[in-house]
Structure formats: C-alpha cells, structure tokens
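Following this line, the structure appears as structure tokens:
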C-alpha cells in the first residue's frame, strides 16, 4: 500500500472548505466505552442490526462456557 504524505490530500478537497478540526470531539463517547466493530460484508448480511449481533454473541458465549465445563475432570 502506498503511503500518503501528510500534506497531500485529494485534489477535490480544499483545505479552506474542511475547516478546523475539533480537539476531543469524540472523547466523551470514547470514555463511555463505545465499542464500534466493523463487520465483513458477508457477516453483515446475516445480521440486520446490533440486537441480532448481540444475541448471537451471547449465545456463543453461553455455549463456550458450557463446553468449558465439559472439559474439566471430575474428582
């Protein structure tokens, strides 16, 4: 992948149109623990919304916990 120099931007962008950046714009959200995850397109097709993703992950966690209990030796 070609590395772009910091001073290079696309020709269609004009620095005066971009305005100044705002320091810490998303800091409060970050502190709250917002955790965004980018799903691959094939995975995203299977899950229409965040609730379905959460439900699937909770089910997987439950199965993993149950399977972990099966591997312990009884004494």
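In my numbering, the protein residues as written are 29 to 103. Positions of the beta carbon are idealized from the N, C-alpha and C atoms, including for glycine.
For the alpha helix (DSSP H) that residue i lies in, which residues bound it at each end?
i, result
"residue 91", "78 to 98"
"residue 55", "55 to 60"
"residue 43", "43 to 46"
"residue 39", "Note, residue 39: premise wrong, no alpha helix (DSSP H); not H, not E."
"residue 65", "Careful: residue 65 lies outside any alpha helix (DSSP H) and carries neither H nor E."
Quick one, which of the options has its alpha-carbon nearest residue i's?
i, options, result
"residue 65", "54, 50, 81, 59", "81"
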